[in-house]
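Asks: Below is the structure I would like to discuss, written out as structure tokens.
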Amino acid sequence: MALNGKKRLFPCPVCTEPREVRETKKAKPYLICDPCGVQVFVRGLGGIGEFNRLLHRTNNDGLLARLKEMERRYRMTCPECGCRFWAEPKLIKTSIFDGGLQGFRCPEKDCDATVAWE
Numbered sequence: 006m007a008l009n010g011k012k013r014l015f016p017c018p019v020c021t022e023p024r025e026v027r028e029t030k031k032a033k034p035y036l037i038c039d040p041c042g043v044q045v046f047v048r049g050l051g052g053i054g055e056f057n058r059l060l061h062r063t064n065n066d067g068l069l070a071r072l073k074e075m076e077r078r079y080r081m082t083c084p085e086c087g088c089r090f091w092a093e094p095k096l097i098k099t100s101i102f103d104g105g106l107q108g109f110r111c112p113e114k115d116c117d118a119t120v121a122w123e
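Numbering (this note's numbering), first residue to last: 6 to 123.
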């Protein structure tokens with residue numbers, strides 16, 4: 006189960022935090038993210054093989070480090086309501102004077118805050 010004595014990790018599809026990949030008694034991989042309430046089970050033989058190849062690349066190619074860097078750059082936290090969201094084009098807020106980027110609007114319905122681009 007461990008890769009070179011290390012835990013096998015794979016990002017949660019919701020929060021992107023690395024989670025330990027476990028195996029069932031029948032050697033089928035799964036991961037659980039308690040904070041998100043997400044459970045991912047890979048059941049079919051073809052899926053298990055593909056998941057294991059993806060897992061090998063994830064652990065060997067620094068994907069988790071790249072994902073963390075991407076999250077650091079593009080995942081925003083609203084200073085007013087604390088909502089965490091990904092920067093995306095539809096949330097861009099520009100200046101009406103010069104068209105310059107002011108930041109990203111918080112996507113929460115009742116929040117009018119803008120998160121500055123750093």
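C-beta: ideal position from N, C-alpha, C; glycine also. Source: prediction; values computed, not measured.
Give a yes or no on whether the minimum CB-CB distance between R24 and chain C is below 7 Å.
Replies: Checking the listed chains, one finds no chain C in this structure; it contains a single protein chain.
Asks: If we call anything under 7 Å between Cβ atoms a contact, is L60 one with R13?
Replies: yes
Asks: My parser needs the alpha helix (DSSP H) runs of 4 or more residues fully inside the region 29-106; what are they?
Replies: 50-65 and 68-79
Asks: Would you tell me roughly how many angstroms separate the C-alpha atoms of E25 and F46, rounded to the nearest one?
Replies: 13 Å
Asks: I need the DSSP call for A7, collapsed to helix, strand or coil.
Replies: Because A7 sits at a pLDDT of 44, beneath the cut-off of 50, its placement in the model cannot be relied upon, and the point is left open.
Asks: Beta carbon of E85, beta carbon of C38: below 7 Å?
Replies: no
Asks: Please report the Cβ distance between E74 and T21, rounded to the nearest whole angstrom; I am assuming they are in contact, meaning their Cβ atoms lie under 8 Å.
Replies: That belief does not hold up - the Cβ atoms of E74 and T21 are roughly 11 Å apart, past 8 Å.
Asks: Let me know the secondary structure DSSP gives E113 once reduced to three states.
Replies: coil
Asks: If I follow the unbroken beta strand (DSSP E) through P18, where does it start and stop?
Replies: Careful: P18 lies outside any beta strand (DSSP E) and carries neither H nor E.
Asks: Pull up the DSSP beta-bridge partners for E25, would you.
Replies: L14
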